[in-house]
Amino acid sequence: MRGMKEMVVQHAVRALWIFVFCVAGMSQASAEGTPFDAVGRLNLGGSEYCTATLIDEQFVVTAAHCVVSETGTPRALEGLSFQAGLSGKTARAVRKVRRVLMPRDFSGDMQELANLARDVALLVLDTPVSRQKIAPLRVAPSDGQIFGFASYSGQRSTRLTVTEGCETAQRSQGALLLSCEAERGASGAPVFDHDGAGQMRLVSLITAEARLGGMSVLIGSDLPAALADFLAELHGDRVESSEVAMVPGLVPDPVSRAH
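Residue numbers (mature numbering (1 follows the signal peptide of the UniProt record, and there is no 0)): -31 to -1, 1 to 228.
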């Protein structure tokens, strides 16, 4: 089998705001209520949007390519808004974005698998979302059975859809490859697994899709690794929050890093 880097280049990985058809045999269902209230729609300005997830009272994660324009420049903050738990015309919480953090080595090159593993952005909201209102999702490295992913996509752009039945096809260069497909708007969608106690955890974000041995696969980022870097940067900026608790076992580097 060819190396995954070559496979991605040969088969033209595409950002998931490009429409692809859902694969037959996968289970899809509407999702409302906890823990899915933490999943929301990130509006990018105009009609463009991605899926994003609340992981702390003031922090949201999505795919980095969602917050970068087609010219490669960061999107204007005033055009970004997060609708947590959006269902139809109603959201559990709506917040503006006041800051965006991306990996310093993220190039936006959607042909490089290692770059797709870093396709993560951390958004700082203008005001916190109370934990009593919405419980943030717990982030952890995946060591269990992949449950599926949740997204605002396709013709259900205002109602969350949970897609089950994904399996881990392979891990390579930090990226998670899943044997399933998605639709337009699924970029940044949270990927879940179950821990030993059956609790659902956020382990990755959907970044792109590709072909592997004739099979369609979704590519997921290395979310815990990216968050460790973000936490180091936030720690250097002395942001007062409970962000250290987002990833159990990860300790931020005390050295301040410039974005």
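For glycine and all other residues, C-beta sits at the position ideal for the given N, C-alpha and C. Model, not experiment: these values are computed from the prediction.
Note that the region 84 to 95 touches the region 63 to 70; at least 3 beta-carbon pairs, one per stretch, sit closer than 8 angstroms. A residue is called buried once 16 or more other Cβ atoms fall within 10 Å of its Cβ, and residue 43, having fewer, is exposed. Between the C-alpha atoms of residue 135 and residue 7 there is a straight-line separation of about 21 angstroms. Taking the Cα positions, residue 130 is about 19 angstroms away from residue 63. A direct Cα-Cα distance of roughly 13 angstroms separates residue 203 from residue 72. Partner residues in the beta bridge of residue 12, as assigned by DSSP, are 18, 50.
In this structure, the straight-line span from the alpha carbon of residue 56 to that of residue 20 is close to 13 angstroms. When the Cα atoms are used, residue 98 and residue 182 turn out to be separated by approximately 43 angstroms.
The bridge partners DSSP lists for residue 43 are 37. Residue 61 counts as buried, since no fewer than 16 other beta carbons sit within 10 angstroms of its beta carbon. Judged by beta-carbon spacing, residue 191 lies beyond the 7 angstroms limit of residue 111, meaning their Cβ atoms are not closer than that value.
The alpha-carbon of residue 49 is positioned some 16 angstroms away from that of residue 89. Remark: C-beta atoms of residue 86 and residue 142 approach each other more closely than 7 angstroms. Out of 201, 196, 200, the CA that lies nearest to the CA of residue 31 is found in 196. With fewer than 16 other Cβ atoms inside 10 Å of its own Cβ, residue 101 counts as exposed. In this structure, DSSP gives residue 112 a state outside helix and strand, which the three-state scheme calls coil. Residue pairing of residue 204 in beta bridges, as defined by DSSP: absent, with no partner found. Residue 9 is a Cβ neighbour of residue 53, given a cutoff of 7 angstroms. Residue 74 and residue 46 have their C-alpha atoms some 21 angstroms from each other.
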